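The structure appears right after this line, and notes come after that.
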Amino acid sequence: MQQKKIRLAENNDWLHISRISRDSGYMDYINSIGPDYMNDGTIILCEMDDVCGFLKVEMLPDKSAWLSGIRVDPGHWRMGVADSLTDASIVYALSRGASYARMLIHDENHRSISLALKNGFSQKARYFFFEGKVDVSGMVPSEERFDTLVNVGWRCANHSRLGEEMGSLMRDNKSTVFVYRDHEETFQILELKEEVSLLPDGIT
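Take the sequence shown: its letter number 57 is residue 57 in the UniProt record's numbering, and every next letter is one higher.
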């Protein structure tokens, strides 16, 4: 089998990333973002005859690493590309001071779930996403801290280890909701004591 080369992506690698994301068969949110996708985190590439796969690593405020967007060119499936990218991303994250890594996988993406379990990951939580946003107009700020994972711009970090500048807790007698400060249309319900109605727009 041809030898793999792992390296960090550069801005001129966008065309490779765009092509692989388009062809890999997953929901192509990466091309909907466009070249700006290169601006956050670090993208790790795998090369064989050409660039054949990539994975993004982002360091989060709770000192964990967030792994996302793993994609492999269909012509290079079943060649260990995803395993090599995962191994390299963990080594990279450790070198940046991470003590653990996380990823979010759709429950019907059995191939990625199998890859994660094979590489030592375990399931810690399940999330349900809804269209609509919680009406926080009648809620008050809370200083409570939760030892749970909260949404930080479509990444999950430990709430108890986040700085207050990352987001705020709002609560009433029905629920406690985390609102990420830079994405005010994104909410996460941390406690639910009664039914909560969602307003149009946003995501919960």
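Glycine included, every Cβ here is placed at the ideal spot set by N, Cα and C.
These figures come from a predicted structure and were not determined experimentally.
query                                                                                            : result
At least 3 beta-carbon pairs within less than 8 angstroms: the region 21–39 vs the region 85–100 : no
Burial state of W154, where buried means 16 or more other Cβ atoms lie within 10 Å               : exposed
Closest Cα partner of C46 within the set I20, D28 and Y26                                        : I20
Which listed residue (N119, R96 and K124) has its alpha carbon closest to that of L104           : K124
Run of the alpha helix (DSSP H) containing residue 213, from where it starts to where it stops   : Only positions 1 to 204 of the chain appear in this structure, which leaves residue 213 out of reach.
Under 8 angstroms between C-beta atoms of G132 and T176                                          : no
DSSP three-state assignment for R155, whether helix, strand or coil                              : coil
Sheet register partners of E47 (DSSP bridge)                                                     : K5 and V51
C-beta atoms of L192 and F178 nearer than 8 angstroms                                            : no
Host alpha helix (DSSP H) of S68 (start-end)                                                     : Per DSSP, S68 belongs to no alpha helix (DSSP H); it is in the beta strand (DSSP E), A65 to V72.
Residues bridged to R171 [DSSP beta-bridge criterion]                                            : V140 and T176
Unbroken alpha helix (DSSP H) run spanning L117, endpoints                                       : H110 to K118
Residue span of the beta strand (DSSP E) that contains D23, given as start and end               : Careful: D23 lies outside any beta strand (DSSP E), inside the alpha helix (DSSP H) at W14 to D23.
Rounded straight-line distance, which links the Cα of I6 to that of S84                          : 8 angstroms
Where D201 falls: helix, strand or coil (DSSP)                                                   : strand
According to DSSP, residues forming a beta bridge with P124                                      : As written in the sequence, residue 124 is Lys, which differs from the Pro given in the question. DSSP lists no partner for K124.
Coil, strand or helix - M166 by DSSP                                                             : helix
Span separating the alpha-carbon of S64 from that of L162                                        : 11 angstroms
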